[in-house]
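Keeping their order, the protein sequence lines are chains F and S.
Under the numbering used here, the first residue of the first sequence carries the number 91, and numbering increases by one thereafter.
Under the numbering used here, the first residue of the second sequence carries the number 26, and numbering increases by one thereafter.
Positions of the beta carbon are idealized from the N, C-alpha and C atoms, including for glycine.
Please read the structure below before turning to the comments.
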Amino acid sequence: MIRFVVRRTLLGAVVMWLITLLVFGMFFIAPNNVAETLAGKQATPETVALISHRLGLDRPLLEQYGDFLWNALHGNLGYDYYHGQSVTSMLAAAAPVSISLALGAAVIWTLLGVTNGVVSAVRPGSAVDRGLTFFALFFYSMPSFLLGLLLLTVFYYRFTLAGLDWFPAAGYAPLSAGVGEWARHLVLPWIALAMLSAAIYTRLTRGAMLDALGEDYIRTARSKGITERRVVLRHGLRSALTPVVTQLGIDLGTVVGGLVVTETVFGLPGLGKTSVDAINNQDLPVIIGVVLVTSAAVVIASIVVDIAYAVLDPRVRLN
Amino acid sequence: MTLLEVTDLHVGFPTPDGVVHAVRGVSFAVEAGRTLAVVGESGSGKSVATQTVTGLTRGAQISGSAVFDGEDLLTATTKQLEAVRGARIGMIFQDPLTSLHPYYTVGWQIVEMIRAHDRGISRRAARRRAVELLALVGIPQADLRVDDYPHQFSGGMRQRAMIAMSIALDPALLIADEPTTALDVTVQAQIITVLQDVQRELGTAIILITHDLGVVAEVADEIVVMYAGQVMERAARHELFYRFHHPYTEGLLASLPSRAPGRGRLTPIPGSPPSLITPPEGCPFRPRCAYAFDRCTQTPWLAPVFGRSDHESACWLPSDIASRDERVASREARVTSPHEQPA
């Protein structure tokens, strides 16, 4: 087990190093010049050259990359081009927002999806099953930015007009401001981010449950005289959870795409918004910082999935 | 004493193509402490009939009655059925690998069974009982193996564990649905021996469902032969093997390696069973029967043959032993003669 984790961690580190190479390379292949942008339209070539020198952009590419790597290994991801802010501290400020958003949404979509899936699978073809299938298809086809805007229109705009000042329009309240305040700011973004996945998990769980409930060991469980509730939950769901947990691990790693949209719609100062701003500004150190953090999330998630797999299924124990 | 009496059982499964009439008017009875074998090829309705009795065929259209210990199981509530299943009727299934839950230890699964019916028993005591049961069915080092998962057991040991679980609450009846079919030949005999030991020690009645007449020959007290959802013939073991009447029984016996007349050449039954969505009029075996005649377009019913009330056959052929012997002899001559010519 320990050997497995060490091996996977080393492999993950190599992957992340390759990613830095890729991002660095892509940035310098793209036709743009940060120094010119910073200097403004009227700037003389001397000014541009000066800015270029100050940012270290006039040095050989390999030297720039070497510098970056050396500093990164010491926990310093450099400074942003525009305000000279430390990228590490920018990420440290943005990460709690994104983590709050992603984990809260994950709890919602998992609970909702698994519950719906189980209810669907217990009576396939029933009115309830069909209703939940419609629910799944509806949110499956709904882009999250549209859902976010709809939620804002109804629950912020209409509610506030009607004197129900329950949900804020935008912004984030840290946990230190109180759990209630924190959750109040995140409820709408959570829903916007969670519903697509809830739809996917509904279908995923339904399929896995139908497979599980058709297994011989379910017949055995019934033949033991235990209650149907126990047959479905302890025997059926126990097996159906394995693919769901696997998917959850992958999704927690790749949720960043959803964060970008949701954080932009709801004005949350998280990693998604940070990366959008950085890309718009060609702010290389920030871009690399965000990419590193998110790729670390993917790498860690995939290790956790493999461990979870072994914990869930005794047949793949890693000893 | 009659433990389970099934009368005129009909089971149909609605499908998009129509209702599949899997069981059509089946009656049989099991005496306490005895073994009834239900024999027939795949799709003859033998598993469906017994699973319906214990309420395991969901979504089926059911009629008839199945009186177990004075209680009709076909009209019982879910709660009543749950109290009977496991506690008074134990079940063993064909493939012990897929019949045990892969994510729980063997011991956990036995303990769950015990505690489902005996709320008062402690975890510790239930576990001790599980170890005893595993030892009883011949699992070595049962106190260690109790914490193993099914995939750590061999096929034969898994089936032993299934038996241990099914007899945990000392049921009056054990339904063994093809318990040896998925096992190696060498292991098959062991499992049958375990079942016989259980019956001798606990006095359990057994319904043994199988298509293997070789297994039946060793253990059954009475045999019911099923075909296309109906009972074709019913008799005590010895009577059925040596004085069979129905051509389908004859065909089953002729396809048995040790009994085939043609010196090692097996005689399969030609053709395949009829569709059970639109079962044919008359005798269902007619299209495959070597002796079919005009009257077979009418449906025969189970009637005593050879002047014995305990031997019934659903066939229009003459019911005296002399005509049966003549008929069998002429068929065996037909089967044997081409084989004896030099190649």
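- Closer than 8 Å to the CB of residue 118(S) there is at least one CB belonging to chain F.
- For the pair of segments examined, the segment 27-43 of chain S was found not to touch the segment 121-131 of chain F: the number of CB pairs separated by less than 8 Å stays below three.
- CA-CA distance, residue 269(S) to residue 27(S), rounds to 24 Å.
- Here the C-alpha atom of residue 222(F) lies approximately 8 Å from the C-alpha atom of residue 292(F).
- In the same chain as residue 325(F), and ignoring 5 residues on each side of it, the C-beta atoms closer than 7 Å to its own belong to 307, 308 and 311, in chain order.
- Its chain contains 258, 270, 271 and 330 as the residues whose beta carbon lies nearer than 6 Å to that of residue 338(S), once the 5 sequence neighbours on both sides are disregarded; these appear in chain order.
- Taking CB atoms only, residue 271(F) has no neighbour in chain S less than 8 Å away.
- Close partners of residue 291(S) in chain F (Cβ separation under 7 Å) are lacking, with about 30 Å as the shortest Cβ gap.
- Scanning its chain for C-beta atoms nearer than 7 Å, with the 5 sequence neighbours on each side dropped, one finds around residue 309(S) the residues 252, 253, 255 and 299, in chain order.
- For residue 79(S), the residues of chain F that pass the 8 Å Cβ criterion are 313, in the order they occur in the chain.
- For residue 127(S), the chain F residues whose Cβ falls inside 8 Å of its Cβ are 307, 329, 403, 404 and 405, in order along the chain.
- Between the beta-carbon of residue 329(F) and that of residue 199(F) there is about 21 Å, and that puts the pair past the 8 Å contact cut.
- Taken atom to atom, the span from the alpha-carbon of residue 131(S) to that of residue 340(S) is near 47 Å.
- At least one C-beta of chain S is nearer than 8 Å to the C-beta of residue 310(F).
- Shown here, residue 213(F) sits in coil according to DSSP, grouped into three states, outside any helix or strand.
- Listed along chain F are 306, 307, 309 and 310, each with a C-beta nearer than 8 Å to that of residue 124(S).
- Proximity of residue 317(F) to chain S, defined by a Cβ-Cβ separation below 8 Å, is satisfied.
- Along the length of the segment 187-238 of chain S, whole beta strand (DSSP E) runs at least 3 residues long occupy 198-202 and 230-235, reported in chain order.
- Taking the C-beta atoms as reference points, residue 171(F) is found nearer than 8 Å to residue 145(F).
- At a C-beta separation below 8 Å, residue 325(F) has these neighbours in chain S: 126.
- In the structure shown, residue 299(F) adopts helical secondary structure according to DSSP, grouped into three states.
- Neighbours of residue 138(S) in chain F, taken as residues at a C-beta separation under 7 Å, are given in chain order as 314.
- Within the model, the alpha-carbon separation for residue 260(S) versus residue 346(S) is close to 15 Å.
- Three or more Cβ pairs drawn from the segment 123-139 of chain S and the segment 152-169 of chain S lie within less than 8 Å of each other, which places the two stretches in contact.
- For residue 86(S), the enclosing beta strand (DSSP E) has its first and last residue at 86-93.
- In the DSSP assignment, residue 117(S) falls within the beta strand (DSSP E) that extends over 114-117.
- Residue contact with chain F for residue 245(S): absent (no Cβ-Cβ distance below 8 Å to any residue of chain F).
- Look at residue 27(S) here: in three-state DSSP terms it is strand.
- One thing to note: residue 267(S) has its Cβ no nearer than 8 Å to the Cβ of residue 403(F).
- For residue 97(S), same chain residues with a beta-carbon under 8 Å away, outside a window of 5 residues either side, are 90 and 91 in chain order.
- DSSP, read as helix, strand or coil, puts residue 226(F) in helix.
- For residue 264(S), the enclosing alpha helix (DSSP H) begins and ends at 262-267.
- Secondary structure note for residue 378(F): its alpha helix (DSSP H) is the uninterrupted segment 374-402.
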